[in-house]
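Below: one structure, written as structure tokens.
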Amino acid sequence: GIGKLAFERALQYDYTTVMGVTFFATMLVIAGNLLADLLYGVLDPRIRYS
């Protein structure tokens, strides 16, 4: 998977690929957090955004 790719490329000093994998993983985490925040407001009516 992506972890194996990043590990193998790090051993080969291919930092461009490692940075790309890190960026991709970071974007997935940010998108997941945004989705969780939006769904939390929909699923729990006690939550109000001011």
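Residues 14 to 63, numbered by the numbering used here, are exactly what the sequence shown covers, in order.
By construction, the Cβ of each residue, glycine as well, lies at the ideal position given by its N, Cα and C atoms.
Computed from a prediction, not measured in an experiment: that's the story for all the values here.
Cut-off 8 Å between Cβ atoms - residues of its own chain near residue i, not counting five sequence neighbours on either side
i, result
"residue 35", "19"
"residue 60", "53 and 54"
DSSP state of residue i mapped onto helix, strand, coil
i, result
"residue 22", "helix"
"residue 43", "helix"
"residue 33", "helix"
"residue 50", "helix"
"residue 60", "coil"
"residue 16", "helix"
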